[in-house]
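Colleague:
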Amino acid sequence: MRHCRIIATSLLICTASAGGSFGAAQNDPSWPCVQRKVPELSVGQVWNGPDIPDSAKGWDNDAAIHALVDDLAARRNPLDTAQTRIVEFANGLPRDQVNDKMLLLFQGLFDTLNRERIQVISGISRYAGKQREMANDLRTEAARVDAMRGKPDTDPDDLDRANERLTWETRIFQERVQSLTYVCEVPTIIEQRLYSLSKTISQSMLKQ
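Residues -18 to -1, 1 to 190 (mature numbering (1 follows the signal peptide of the UniProt record, and there is no 0)) make up the sequence shown, in order.
#1: Taking Trp150 as part of the alpha helix (DSSP H), name the residues at either end of that continuous run.
#2: Going by C-alpha to C-alpha distance, which of Met84, Ile34, Lys112, Arg147 sits closest to Val127?
#3: Which one of Pro32, Pro60, Gly105, Trp150 has the shortest CA to CA distance from Ala124?
#4: Thinking C-beta only, is Leu162 closer than 8 Å to Pro35?
#5: Just the C-alpha distance for Gln174 and Leu54, rounded to the nearest angstrom, thanks.
#6: In angstroms with no decimal places, state the Cα-to-Cα distance between Asp78 and Leu87.
#7: To the nearest angstrom, report how far apart Val165 and Asn43 are at their CA atoms.
#8: Report yes if the CB atom of Met116 is closer than 8 Å to the CB atom of Ile183, and no otherwise.
#9: Just curious, the alpha helix (DSSP H) that Asp112 is in, first and last residue?
#10: Output needed for Thr94: all residues of its chain with C-beta closer than 7 Å, excluding positions within five of it in sequence on either side, in chain order.
#11: Assuming Gly105 and Ile47 make a contact with CB atoms under 8 Å, what is their CB distance in whole Å?
#12: Pick helix, strand or coil for Leu23, following the three-state DSSP scheme.
#13: Provide the residue span of the alpha helix (DSSP H) that contains Lys189, from first to last.
#14: Secondary structure at Gly40, three-state DSSP: helix, strand or coil?
#15: Within its chain, find whatever has a CB closer than 6 Å to the CB of Val28; leave out the 5 residues flanking it on each side and keep chain order.
#16: Distance check for Lys133 and Ala6, CA to CA, integer angstroms please.
#17: Using only the heavy atoms of the ligand GTP, determine whether one of them is closer than 7 Å to the beta carbon of Val69.
#18: Between the alpha carbons of Gln65 and Asn73, how many angstroms are there, rounded?
#19: What's the C-alpha gap between Ser107 and Arg99?
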């Protein structure tokens, strides 16, 4: 029974560590997520409104826009609440300021959420690297325990301790695999939020 458990553990490690390569095959062999890796977004992916002027890059010089961007970008705030805030903000502006302010708001949200998304992707890559290291260590440890089992003079207590340690470390590894599955969804969640907020901004602009 214990021997079968060791073999199962080894197979589990190999399967878990190789699983991330499914989504990676398209453009980055080290990328662990099923979702395709898109390192950063472009304005065209999330914006269907008028051209964004270069002056919009100074959005953070506008205190009201800066505060609103921080609030809207926070994923703890429900999307529908954030969209309502955008509409209310637009409705409270003088007509001759609406479009300029909306463009500033879009640029601020794009810069902020794109930067956050880049940071998440970088974190995923580091996390995946650590997982690969752990998988290699676990395979080495599993081979060592199997070798111990094959020696007639191995102390049974030593073997039990080694097996328990391997089982515990494998459980930690698997929990990290599960966590990675959830984290892999975050870049898409951020992109979807940015797209939805951008659509609301565009719809809040006055037609020329």
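Glycine is no exception: its CB is placed at the ideal position from the N, C-alpha and C atoms.
Modeller: Taking the structure as given:
#1: 138 to 165
#2: Arg147
#3: Trp150
#4: With contacts defined as CB atoms closer than 8 Å, Pro35 and Leu162 fail to qualify as a contacting pair.
#5: 13 Å
#6: 15 Å
#7: 33 Å
#8: no
#9: Looking at the sequence provided, one finds Lys at residue 112 rather than Asp. First-last of the alpha helix (DSSP H) with Lys112: 77 to 132.
#10: Val51, Ala55
#11: Contact doesn't hold; Cβ gap of about 28 Å is too wide.
#12: Assigned with DSSP and collapsed to three states, Leu23 falls in coil, not helix or strand.
#13: From DSSP, Lys189 is part of no alpha helix (DSSP H); its letter is neither H nor E.
#14: helix
#15: Leu176, Tyr177, Ser180
#16: Any answer about Ala6 is weak, because its pLDDT of 41 lies below 50 and its placement is not dependable; what the coordinates show is given next. The C-alpha of Ala6 lies about 40 Å from the C-alpha of Lys133.
#17: Absent from the structure shown: the ligand GTP. Ligands present: none.
#18: 13 Å
#19: 12 Å
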